[in-house]
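In the numbering used here, the protein residues as written are 974 to 1453.
A virtual CB, placed ideally from N, CA and C, is assigned to each residue, including glycine.
Just so you know, these numbers come straight off a predicted model, no measurement behind them.
These notes concern the structure reproduced below.
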Ligand SMILES: [Zn+2]
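Laid out in structure tokens, this is it:
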């Protein structure tokens, strides 16, 4: 805790200065903070580069286990193919080697399902924290996520309280958070007030965006926190609230924060010296970590880069050809459904000219959302389509809501509709979960039907995928 310098301690300090009787003992501690790494271990374009980042920490920040704590604000996984395909294993081994001490459970840590999360927790050398989660011990392994960490680092009593993001239930499939209860942030802080008081330095490590941290700041300050760290919004914000730094991490290993504190062990006083954000300069790399990344890249390339089809020219990201190809593949995989739709944000890239591989598809749809089939009225279907302008199949909105069977959508009739689990859970402001009946959670990733369809077409340089495309405009072009 930062304490006010009293007259008495001032006297002691002066006395010590002249007499040499009480020798001030300063202990420096630095916090290296990243967030939302999203598996960007490989250096690609302006993103990524874990081996480079670690080398920078060694050279510029002189990290060592005595003076440094390395922590993450969560969302370690879900990003480029190397991370998503290995279900976090590649990124985890790299973060282990980077000597992270703690991470928060971000919403994306749940993406691979609870079983996989249990394995990740078992294999991580750093600990995951989340004080606002209550786990049903029958479903979730005991003691795998801790609410806080309390330890002595080089003579300084450190307390780190973790907060996961309470919006997680709307951001991942329901089954991925089964048996987990999310507790109010303020109540959680209150619960640990005694531990916070006894610490020399208290850190609130969270997966919360800056605005949420700002709301918590008065209470956190009153309770004795010295530093608030957050993530989730990827913006890289650095502010101070009454001498207490508040840091929101950036993302994709583009930058990191270094917050330096000095603890006077004689006076039991802590003050922060500086905090700065540094870009990942990527001008040198740490060989031991680089070789781990190379190993994962080589082993995954065999599967990820194997050609499954061919495009003779680019199929752009925001083209009706790509939209229709993807959404039609869903209806082909589940012919019992009449309509399919998805949020435009779920389709991130186009198909470049040349060989198409699983890696291409993971770039197009990087999210590990699954397909769900729901029963929905024509009225609710129209509501979602009209207000949020999704990409559709099985229906042509521009032709007056004409279905593939030639009939017109009826308000009071029920339809089987395929959606992804993200929008099913009302992500992106869709109204599905509360306006439909869940018929089936397929458990199948949304990119699988596209993978199957492209393979089925058996395309090659003399019979390219482009010849199978449908350019029909089913919805209006929009910036949604
Ligand atoms: Zn997040």
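Residue burial is scored here from C-beta neighbours: residue 1227 has at least 16 other C-beta atoms within 10 angstroms and is therefore classed as buried.
Residue state for residue 1088 is assigned as helix, using DSSP reduced to three classes.
Within the region 1312-1374, the complete alpha helix (DSSP H) segments at least 4 residues long are 1331-1337, 1351-1361, listed from N- to C-terminus. Residue 1169 and residue 1067 have their C-alpha atoms some 31 Å from each other.
Straight through space, the alpha carbons of residue 1435 and residue 1318 are spaced by roughly 32 Å. Excluding the 5 residues flanking it on each side, residue 1173 has same chain C-beta neighbours closer than 8 Å at 974, 1129, 1130, 1131, 1236, 1241, 1243, in chain order. Nearest to residue 1267 by C-alpha distance, out of 1014, 1001, 1081, is 1014.
Residue pairing by DSSP places residue 1076 opposite 1045, 1101 in a beta bridge. For residue 1152, the closest of 1109, 1274, 1082 by C-alpha to C-alpha distance is 1109. Every residue with a CB closer than 5 Å to a heavy atom of ligand 1 is listed here in chain order: 1048, 1079, 1080, 1205. The three-state secondary structure of residue 1441, taken from DSSP, is helix.
For residue 1367, the closest alpha carbon among the candidates 1325, 1311, 1358 is that of 1311. The C-beta distance from residue 1365 to residue 1300 rounds to 6 Å, short enough to meet the 8 Å contact threshold. DSSP places residue 1230 inside the beta strand (DSSP E), whose first and last residues are 1228-1237. Taking residue 1026 as the centre and dropping the five residues before and after it, the same chain places the C-beta of 1226, 1253 closer than 6 Å to its C-beta, in chain order. Taken atom to atom, the span from the alpha-carbon of residue 1316 to that of residue 1302 is near 16 Å. Each of 1232, 1085, 1223, 1204 was checked against the Cα of residue 1213, and the nearest Cα belongs to 1232. Residue range 1242-1252 is occupied by the beta strand (DSSP E) that includes residue 1252, with no alpha helix (DSSP H) assigned at that position. Of the residues assessed, residue 1257 falls on the exposed side of the cut-off, its CB having fewer than 16 other CB atoms within 10 angstroms. Going by beta carbons, residue 1137 and residue 1120 fall outside the 7 Å limit. Counting only the Cα atoms, residue 1447 lies some 56 Å from residue 1041. Under the three-state reduction of DSSP, residue 1404 is assigned to coil, being neither helix nor strand.
Cβ neighbours of residue 1294 within its own chain (closer than 6 Å, five residues either side excluded): 1288, 1442, 1444. By the C-beta criterion, the region 1201-1217 is judged not to be in contact with the region 1145-1160, since fewer than 3 inter-stretch pairs fall below 8 Å. Collapsing the DSSP output to three states places residue 1208 in coil.
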